[in-house]
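Trainee:
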Amino acid sequence: MSRASAAAASLSRSSCVSSTGLLQKNFFELFGIAPGFGLEPRALEESWKRLQAVVHPDKVASQGLSSSRRLAVEMSTRVNEAYQTLSSPLKRALYLMELSGFQLDPELSSKVPLAFLEQQMAWREKLDEAKSQGQEAYAQAAVLLRAELGIQLSQIHNELSVLLSVFPVQESTADSVKQNIQSLMFLERFEQSLPHQGP
């Protein structure tokens with residue numbers, strides 16, 4: 050039985066669904082996984098579904114547990130928040146830094162290095178040039194640009210997997226982690242701005 054399965058099973062055995070313990074656990078503990086950047090999305094999703102099956106307000110009420118419906122809603126919300134955080138590479142990296150005691154500059158997302166600004170301008174120029182050649186060229190350029198972004202995102206994810214493989218995050222690697230988080234913020238924001246189809 051996996052740690053996540055064992056965690057879900059222990060929750061179901063508790064008459065109060067370990068309410069205070071559940072609400073006090075960090076997101077990694079909640080899913081029974083070791084803190085780190087690299088994790089298996091499918092395993093995380095399966096653990097989330099198992100936990101939701103145990104803590105869902107309707108499930109708790111149907112088992113006649115002593116927990117109030119309000120508390121069950123809190124627990125279900127906590128499980129969902131944990132899943133949303135851990136399933137997003139950016140949120141997961143930020144959360145690991147937070148757990149390690151590092152406060153990130155709130156302006157981090159608005160401070161874009163010159164190299165990234167130049168890269169963004171070059172990408173925008175490619176899109177504008179393709180747009181002037183028609184919808185098909187524009188759509189094709191967007192697809193190629195998404196592929197290029199995908200490669201860069203993958204490289205950053207790999208680097209963060211290495212940097213965040215030691216928990217808590219060490220002072221010696223914190224600056225590198227922050228730089229990668231900043232790059233990830235920039236690339237994700239740019240990717241979201243890309244058209245999914247032609248203009």
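If you count the sequence shown from 1, you need to add 49 to reach our numbering. All residues carry an ideal CB built from backbone N, CA and C; glycine is no exception.
What did DSSP end up calling residue 178 once you bin it into helix, strand or coil?
Mentor: Indexing the sequence shown from 1 puts residue 178 at position 129. Helix.
Trainee: Look at the alpha carbon of residue 151 and the alpha carbon of residue 210, and state the distance between them as a whole number of angstroms.
Mentor: Within the sequence shown, the letter at position 102 stands for residue 151. Within the sequence shown, the letter at position 161 stands for residue 210. When rounded, the distance between both Cα atoms is 18 Å.
Trainee: With a 10 Å radius around its C-beta and 16 neighbouring C-beta atoms as the bar for buried, classify residue 181 as buried or exposed.
Mentor: Translated into positions along the sequence shown, residue 181 becomes position 132. It counts as exposed.
Trainee: Please report how far the alpha carbon of residue 232 lies from the alpha carbon of residue 103, in whole angstroms.
Mentor: For the purposes of this step, residue 232 is taken as the residue at position 183 of the sequence shown. For the purposes of this step, residue 103 is taken as the residue at position 54 of the sequence shown. C-alpha separation (whole angstroms): 38 Å.
Trainee: Does any heavy atom of the ligand SAH sit closer than 8 Å to the C-beta of residue 96?
Mentor: Among the components modelled here there is no ligand, and therefore nothing to report on the ligand SAH.
Trainee: Could you give the first and the last residue of the continuous alpha helix (DSSP H) run that contains residue 129?
Mentor: Within the sequence shown, the letter at position 80 stands for residue 129. It spans 118-136 - the alpha helix (DSSP H) in which residue 129 sits, taken as one unbroken run.
Trainee: What three-state label does DSSP hand residue 154 in the structure shown?
Mentor: Stepping through the sequence shown from its first residue, residue 154 is reached at position 105. Residue 154 falls in the coil class under three-state DSSP.
Trainee: Measuring only the C-alpha atoms, how far is residue 168 from residue 204?
Mentor: Sequence index remark: in the sequence shown, residue 168 carries index 119 (1-based). Sequence index remark: in the sequence shown, residue 204 carries index 155 (1-based). The alpha-carbon atoms of residue 168 and residue 204 are separated by roughly 16 Å.
Trainee: Using a 10 Å radius around the Cβ and a threshold of 16 neighbouring Cβ atoms, would you call residue 91 buried or exposed?
Mentor: Your numbering for residue 91 matches position 42 in the sequence shown. Result: exposed.
Trainee: What does the Cβ neighbour count give for residue 116, buried or exposed, with the cut at 16 atoms within 10 Å?
Mentor: As a position in the sequence shown, residue 116 is number 67, starting the count at 1. Confidence is the limiting factor: at residue 116 the pLDDT is only 49, short of 50, which leaves the residue's position unreliable, though a coordinate-based value still follows. Its Cβ being crowded by 16 or more others within 10 Å, residue 116 is buried.
Trainee: According to the neighbour-count rule (16 or more other Cβ atoms, all chains shown, within 10 Å of its Cβ), is residue 227 buried or exposed?
Mentor: Position 178 of the sequence shown, counting from 1, holds the residue named residue 227. Classification for residue 227: buried.
Trainee: Pick helix, strand or coil for residue 90, following the three-state DSSP scheme.
Mentor: By 1-based counting over the sequence shown, the position of residue 90 is 41. Helix.
Trainee: By alpha-carbon positions, which one of 219, 245 and 197 ends up nearest to residue 236?
Mentor: Here the question's residue 236 lines up with position 187 in the sequence shown. Out of 219, 245 and 197, 197 has the C-alpha closest to the C-alpha of residue 236.
Trainee: Starting from the C-beta of residue 136, find all residues in its chain whose C-beta is less than 7 Å away, skip the five residues before and the five after it, and write them out in chain order.
Mentor: Looking up residue 136 in the sequence shown gives position 87. Correct list, in chain order: 90 and 93.
Trainee: Would residue 127 and residue 72 qualify as a contact pair, given that the criterion is a beta-carbon distance under 9 Å?
Mentor: As a first step, residue 127 is located in the sequence shown; it is residue number 78 there, counting from the start. As a first step, residue 72 is located in the sequence shown; it is residue number 23 there, counting from the start. Result yes, Cβ atoms of residue 127 and residue 72 sit closer than 9 Å.
Trainee: Excluding the five sequence neighbours on either side, which residues of its own chain have a C-beta within less than 7 Å of the C-beta of residue 75, listed in chain order?
Mentor: By one-based count along the sequence shown, residue 75 stands at place 26. Only 148 meet the Cβ criterion.
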